[in-house]
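Q:
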Amino acid sequence: MAPKAEKKPAEKKPAEEKKTKKKRAKKSTETYKIYIFKVLKQVHPDIGISSKAMGIMNSFINDIFEKLAQESSRLARYNKKPTITSREIQTAVRLVLPGELAKHAVSEGTKAVTKFTSS
1 MAPKAEKKPA EKKPAEEKKT KKKRAKKSTE TYKIYIFKVL KQVHPDIGIS
51 SKAMGIMNSF INDIFEKLAQ ESSRLARYNK KPTITSREIQ TAVRLVLPGE
101 LAKHAVSEGT KAVTKFTSS
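Take 1 as the starting number for the sequence shown in UniProt numbering and just add one per residue.
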């Protein structure tokens, strides 16, 4: 381990010399990385994932999210409804995802909604 640098007390500058510099706030980019990692550890506790693979998985989830959002929005518009409900999401999942994956997604989604409404 590298040695830690010694901390020196900060020298006080005269009030007239101080310039007010605004620190730029970093844009926080929201990702699904922690959730992908948690699911990976549930399924395969002994396997890791590279940062490149994690980036690909994050892009994949963003893409699926976008497709489901567009499809559910379209469904709500067709039915002249102002709100996207779990029913529109479920139908969008059935339309966007193929076969067995759609069935699993619908069952997991239904389970999550039931858990949410019961609490």
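All C-beta atoms, glycine included, are put in the ideal place defined by N, C-alpha and C.
Only a predicted model underlies this, so the values are computations on that prediction, with no experimental measurement involved.
Are the stretch 22-29 and the stretch 42-61 touching, with three or more C-beta to C-beta distances below 8 Å?
A: The stretch 22-29 vs the stretch 42-61: no contact.
Q: Rounded to a whole number of angstroms, what is the C-alpha to C-alpha distance between residue 174 and MET54?
A: For the chain, the structure presents residues 1 to 119; residue 174 sits outside this window and is missing.
Q: Suppose contacts are defined by Cβ-Cβ distances below 7 Å. Is SER107 in contact with ILE89 by that definition?
A: Stepping through the sequence shown from its first residue, residue 107 is reached at position 107. Stepping through the sequence shown from its first residue, residue 89 is reached at position 89. In this structure, ILE89 does not lie closer than 7 Å to SER107 by Cβ.
Q: In the structure shown, what three-state DSSP assignment does PRO3 receive?
A: In the sequence shown, residue 3 corresponds to position 3, counting from 1. With a pLDDT of 49 at PRO3, under the threshold of 50, the modelled position of this residue cannot be trusted; read the value that follows with caution. Here PRO3 sits in coil by DSSP.
Q: Alpha carbon to alpha carbon, how far is LYS38 from GLU100?
A: Translated into positions along the sequence shown, residue 38 becomes position 38. Translated into positions along the sequence shown, residue 100 becomes position 100. Cα to Cα, the separation comes out at about 23 Å.
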